[in-house]
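What follows is a single structure, written as structure tokens, with notes after it.
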Amino acid sequence: MDRSRPLARRPLVTLLTAAALAASGLTALTSAARAADADLARNGGFESALDGWTCTAGAVVNAPVHSGGAALKATPAGADNARCAQTVTVRPDSQYTLSGYVRGTYVYLGASGTGTTDVSTWAQSAPDWQRLTTTFRTGPATTRVTLYTHGWYGTGAYHADDISLTGPGGETGQPPAVPGGLTAGSVTSTGVALSWSPVPGATGYAVYRDGTRVSTVTGTSTTVTGLTPSTAYAFQVAAVNDAGESARSATVTATTAERPDGGGSGDLPAHALVGYLHASFANGSGYTRLADVPDSWDVIDLAFGEPTTVTSGDIRFERCPVSECPNVESDAEFKAAVKAKQAAGKKVLISIGGQNGQVQLTTTAARDKFVSSVSAIIDEYGLDGLDIDFEGHSLSLNADDTDFKNPKTPVVVNLIAAVKTLKAKYGDDFVLTMAPETFFVQLGYQYYGTGKWGGQDPRAGAYLPVIHALRDDLTLLHVQDYNSGPIMGLDNQYHSMGGADFHIAMTDMLLTGFPVAGDAANVFPPLRPDQVAIGMPASVNAGNGHVSPAEVNKALNCLTKKTDCGSYATHGTWPELRGLMTWSINWDRFANWEFQENFDAYFG
Numbered sequence: 004m005d006r007s008r009p010l011a012r013r014p015l016v017t018l019l020t021a022a023a024l025a026a027s028g029l030t031a032l033t034s035a036a037r038a039a040d041a042d043l044a045r046n047g048g049f050e051s052a053l054d055g056w057t058c059t060a061g062a063v064v065n066a067p068v069h070s071g072g073a074a075l076k077a078t079p080a081g082a083d084n085a086r087c088a089q090t091v092t093v094r095p096d097s098q099y100t101l102s103g104y105v106r107g108t109y110v111y112l113g114a115s116g117t118g119t120t121d122v123s124t125w126a127q128s129a130p131d132w133q134r135l136t137t138t139f140r141t142g143p144a145t146t147r148v149t150l151y152t153h154g155w156y157g158t159g160a161y162h163a164d165d166i167s168l169t170g171p172g173g174e175t176g177q178p179p180a181v182p183g184g185l186t187a188g189s190v191t192s193t194g195v196a197l198s199w200s201p202v203p204g205a206t207g208y209a210v211y212r213d214g215t216r217v218s219t220v221t222g223t224s225t226t227v228t229g230l231t232p233s234t235a236y237a238f239q240v241a242a243v244n245d246a247g248e249s250a251r252s253a254t255v256t257a258t259t260a261e262r263p264d265g266g267g268s269g270d271l272p273a274h275a276l277v278g279y280l281h282a283s284f285a286n287g288s289g290y291t292r293l294a295d296v297p298d299s300w301d302v303i304d305l306a307f308g309e310p311t312t313v314t315s316g317d318i319r320f321e322r323c324p325v326s327e328c329p330n331v332e333s334d335a336e337f338k339a340a341v342k343a344k345q346a347a348g349k350k351v352l353i354s355i356g357g358q359n360g361q362v363q364l365t366t367t368a369a370r371d372k373f374v375s376s377v378s379a380i381i382d383e384y385g386l387d388g389l390d391i392d393f394e395g396h397s398l399s400l401n402a403d404d405t406d407f408k409n410p411k412t413p414v415v416v417n418l419i420a421a422v423k424t425l426k427a428k429y430g431d432d433f434v435l436t437m438a439p440e441t442f443f444v445q446l447g448y449q450y451y452g453t454g455k456w457g458g459q460d461p462r463a464g465a466y467l468p469v470i471h472a473l474r475d476d477l478t479l480l481h482v483q484d485y486n487s488g489p490i491m492g493l494d495n496q497y498h499s500m501g502g503a504d505f506h507i508a509m510t511d512m513l514l515t516g517f518p519v520a521g522d523a524a525n526v527f528p529p530l531r532p533d534q535v536a537i538g539m540p541a542s543v544n545a546g547n548g549h550v551s552p553a554e555v556n557k558a559l560n561c562l563t564k565k566t567d568c569g570s571y572a573t574h575g576t577w578p579e580l581r582g583l584m585t586w587s588i589n590w591d592r593f594a595n596w597e598f599q600e601n602f603d604a605y606f607g
């Protein structure tokens, strides 16, 4: 959020480098070696339906086919890239060639678990059958390799046929027996604990939720997380060893609990209006007293709490001085206004950061100071919670931090721990919101941190581990869909500010989920629609990317009703979308309350 002047901040850094996929050439096999090779892929022509294959969204069709009478057709949808895979037994330290025929746009064929370098090859556009081939060598202890094919998000169905893996066969045994005794234990609003009986000879267990494999564990218990509250799920488990996977167990069902207040709506209305109030500065829009904020505003973020130094973690909230804000109220009047808003059902939060408030919790001491100083502000003014508005260089990822589900970078790990501590201190009534920029969230679809080969901006996607770790505690995420460069959506097209299309594409990514840095095996799960509000500037003075009320309504219609959609096709319809956030209440007042009045008219 820009507090120093009305219009845009310094432009975002232009990313980045993109690495082209390439298959390494390997030494050709001798004639004698080729004579000993076998095709290890089971049912590679799909003549026996999907026998041997595990597919998330695949089916066998009779046309088109490359040879024989059948082929695979798989259709990506939402956060699912329609992956089909099978695991085969191989020989350690041996050479293999993977090949197959594909049709469609962005179709991938690859092998993982090779023990050396996993490989993949792809066809960008194959209107007719195109042969893909790649080679790899297994590691010194590798006995199993997973073959897979998948498509890409928003690109339509793909076809595959005649997939083969040639090379020396491994020692095969028998898959283990089917696990018994599957039982559902403790159930929360977002997780179900499972346990089952051990199976002799099993080296692991594959856990299935509603027919989709969601995890592999070595023990005989696990907790399936990331579930939706008040929803029924069906679970199965299969035993695994080097010879393959057993049949699945009997199904057990469980229904998740209702959503607790602390991770849900925070007693917000079904559709909420969120706005930032310039409480410590005027910024050209004039000072607005808290008591004068109209009742339409459901969440009021006090801007801003800022640190004494970038790395101190010591957050201070200084109210606007009389020299800048001649009509500023007294502390007593301000605190009385907070209570009055709360009595009317509104939430008043302290927002930490903003454009000028760089916060880097590089040490545990800074983490602990953050907790104590933010608590002091909340307690002094009797606030409802915290808004995290870290911008600029507050969050970036270390070079070895590549998994958003298991972050390593101190500034990220310490922020997560600090917020969890605050949540534990204040309990279920604590309201937590976040206002990251698109650079730190949706850009993660293409780039995450410095990237596999280095050279990328380490801030790319850096909010994702924070959002993911706190998703069960998160009341609202309202990404700033403004002051942004072009961002690629799930349709693999770049979208720019200035119209409904940008808001539709950016919000669809949050509600659909997306692979991080293009890795189909590393998907950022979708948020609930009641956790998401769209961030927009209140007026042309407030920031780059302002859109007219008509464009605001188009975006809302498309996302909640699937009408008025433009070139971007959403992956769902979300009538429970929480609402809108704007920078800022002050700028909306400056513009005669156009943003607020349009919200009131739309949601009634």
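The sequence shown: position 439 = 442 (the working numbering), numbered continuously. Don't be surprised by glycine CBs; every beta carbon is placed ideally from N, CA and C.
Taking DSSP's pairing of strands, which residues face residue i in a bridge?
{"i": "G61", "result": "A77"}
{"i": "T244", "result": "Sequence check: residue 244 is Asn here, not Thr. G247."}
{"i": "E50", "result": "E50 pairs with nothing; no bridge assigned."}
{"i": "K350", "result": "V302"}
{"i": "S102", "result": "T136 and S167"}
{"i": "L435", "result": "L389"}
State the start and end residues of the unbroken alpha helix (DSSP H) segment that holds residue i.
{"i": "F606", "result": "E597 to F606"}
{"i": "T221", "result": "Premise fails: T221 is in no alpha helix (DSSP H) and is neither H nor E."}
{"i": "N417", "result": "P413 to Y429"}
{"i": "Q345", "result": "D334 to A346"}
{"i": "S378", "result": "T367 to Y384"}
{"i": "A558", "result": "P552 to K564"}
{"i": "V469", "result": "L467 to A472"}
{"i": "N589", "result": "I588 to F593"}
{"i": "M512", "result": "A503 to T515"}
Short check: CB of residue i to CB of residue j, under 9 Å?
{"i": "A275", "j": "D301", "result": "yes"}
{"i": "A73", "j": "G107", "result": "no"}
{"i": "A520", "j": "G464", "result": "yes"}
{"i": "M632", "j": "M584", "result": "Missing from the structure shown is residue 632; the chain here goes from 4 to 607 and no further."}
{"i": "H471", "j": "K408", "result": "yes"}
{"i": "D392", "j": "A306", "result": "yes"}
{"i": "Q449", "j": "W586", "result": "no"}
{"i": "A60", "j": "A88", "result": "no"}
{"i": "G183", "j": "S252", "result": "yes"}
{"i": "R134", "j": "Y161", "result": "no"}
{"i": "P479", "j": "F443", "result": "The sequence shown places Leu at residue 479, not Pro. Contact flag unset, no."}
{"i": "V469", "j": "M437", "result": "yes"}
{"i": "D494", "j": "G157", "result": "yes"}
Decide if residue i is buried, meaning its Cβ has at least 16 other Cβ atoms within 10 Å, or exposed.
{"i": "Y497", "result": "exposed"}
{"i": "V325", "result": "exposed"}
{"i": "F593", "result": "buried"}
{"i": "P310", "result": "buried"}
{"i": "D404", "result": "buried"}
{"i": "Q127", "result": "exposed"}
{"i": "Q177", "result": "exposed"}
{"i": "E336", "result": "exposed"}
{"i": "E327", "result": "exposed"}
{"i": "L528", "result": "The identity of residue 528 in the sequence shown is Pro, whereas the question assumes Leu. Per the 10 Å Cβ criterion, exposed."}
{"i": "A402", "result": "exposed"}
{"i": "S34", "result": "Reliability of the predicted coordinates at S34 is poor, the pLDDT of 36 falling under 50, and no value is obtained from them."}
Can you find the residues in the same chain that come closer than 7 Å, C-beta to C-beta, to residue i, ignoring five residues on each side of it along the sequence?
{"i": "T146", "result": "T92, V93, P95, G173 and D245"}
{"i": "L230", "result": "T193, G194, V195, Y236 and T259"}
{"i": "F49", "result": "V63, A73, A74, L75 and D164"}
{"i": "W577", "result": "L514, P532, L562 and T563"}
{"i": "A36", "result": "With a pLDDT of 40 at A36, under the threshold of 50, the modelled position of this residue cannot be trusted; read the value that follows with caution. None."}
{"i": "T510", "result": "V535, I537 and L562"}
{"i": "V255", "result": "L185, T186, A187 and F238"}
Taking only beta-carbon atoms, is residue i less than 9 Å away from chain C?
{"i": "T311", "result": "No chain C is present in this structure, which holds just one protein chain."}
What does a CB cutoff of less than 6 Å around residue i pick up in its chain, not counting 5 residues either side in sequence?
{"i": "S288", "result": "N589, W590 and F593"}
{"i": "T169", "result": "D40, D42 and T100"}
{"i": "T30", "result": "Caution applies to T30, whose pLDDT of 36 falls short of 50 and renders its modelled position unreliable; the model cannot decide the point."}
{"i": "P489", "result": "Y497 and S499"}
{"i": "R140", "result": "Q98 and T119"}
By the DSSP assignment, the beta strand (DSSP E) with residue i in it spans what residues?
{"i": "T152", "result": "R147 to H153"}
{"i": "H281", "result": "A275 to H281"}
{"i": "N525", "result": "D522 to F527"}
{"i": "W125", "result": "V122 to R140"}
{"i": "S189", "result": "T186 to V190"}
Note down, in chain order, each residue of its chain lying with its Cβ closer than 8 Å to the Cβ of residue i, except the 5 sequence neighbours on either side.
{"i": "T206", "result": "T221, V243, N244 and D245"}
{"i": "P143", "result": "P95, D96 and G118"}
{"i": "L280", "result": "T291, L293, V296, I303, D304, L305, A306, S587, I588 and N589"}
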